[in-house]
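Inspection log for the structure reproduced underneath, given as C-alpha cells.
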Amino acid sequence: MIVMYGIKNCDTIKKARRWLDNAGIAYRFHDYRVDGLTLEQLNGFIDALGYEALLNTRGTTWRKLDESTRNGITDAASAAALMLSMPAIIKRPLLCAPGKPMLLGFSENNYQQYFNEV
C-alpha cells in the first residue's frame, strides 16, 4: 500500500492528495501530528534520503527557531531529535510505495514519472 506522510493542513499535501485522487491511485495518509512518528520510522527516512533533505530549512517552523537551536543541528541524531519534537519541520509530502524509492516533495511531473503515467 502506498503511504503519504505529512501534515493534513499543509497546502502542498492538499495538492499531492488531490493529484493522487484524480489519478485514481489508492493510498493511505499518515499525519505526523495525528498518527505520530517513531524514531525508527524517522531513521528509516533519514537512511533513505538523508537528514538534510528531510529537514525543511525554508519553512516558517525553521525560521521561528532561535539561532542556537538551528546551529545545533549538526548531524542525523540532532536533526532527528528536532524532527520528532517538531514534525512540522519535516519536508513534505513523503511518498512511500512498495518496490520504489521514497519520493520527497510534490510536483505533478515528478508524480507522473513516479507512477509511470507520462
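With UniProt numbering applied, the sequence shown closes on residue 118, and no number is skipped along the way. Ideal placement from N, C-alpha and C gives every residue a C-beta, glycine not left out. Computed from a predicted model, the values in this text were never measured in an experiment.
Is it buried or exposed, G6, if we count other Cβ atoms within 10 angstroms and call 16 or more buried?
Within the sequence shown, residue 6 is the residue found at index 6, counting from 1. Label assigned to G6: buried.
How many angstroms separate the CA atom of L84 from the CA atom of Q113?
For this step, residue 84 is matched to residue 84 along the sequence shown. For this step, residue 113 is matched to residue 113 along the sequence shown. Going from the Cα of L84 to the Cα of Q113 covers about 30 angstroms.
Output the distance between the C-alpha atoms of N110 and L95, rounded to the nearest integer angstrom.
Taking the sequence shown and counting its residues from 1, one reaches residue 110 at position 110. Taking the sequence shown and counting its residues from 1, one reaches residue 95 at position 95. Between N110 and L95, the C-alpha separation is close to 11 angstroms.
Provide the residue span of the beta strand (DSSP E) that contains M4, from first to last.
Indexing the sequence shown from 1 puts residue 4 at position 4. Element bounds for M4: 3-6.
Pick from H30, P98, A80 that is closest to N56, judged by C-alpha positions
In the sequence shown, counting from the first residue as 1, residue 56 sits at position 56. Answer by Cα proximity: A80.
If we call anything under 9 angstroms between Cβ atoms a contact, is residue 124 one with K91?
The displayed coordinates of the chain run from 1 to 118. Any statement about residue 124 would go beyond what the structure contains.
Name the residue from Y27, D66, G105, L82 whose alpha carbon lies nearest to the alpha carbon of P93.
Looking up residue 93 in the sequence shown gives position 93. The candidate whose alpha carbon is nearest that of P93 is G105.
Residue 121, DSSP secondary structure in three states
In the structure as shown, the chain begins at 1 and stops at 118. Residue 121 is therefore absent and cannot be evaluated.
Taking all protein chains shown into account, do 16 or more other C-beta atoms lie within 10 angstroms of the C-beta of A23, making it buried, or fewer, making it exposed?
Here the question's residue 23 lines up with position 23 in the sequence shown. Here A23 is exposed: its Cβ has fewer than 16 other Cβ atoms, across all protein chains shown, within 10 Å.
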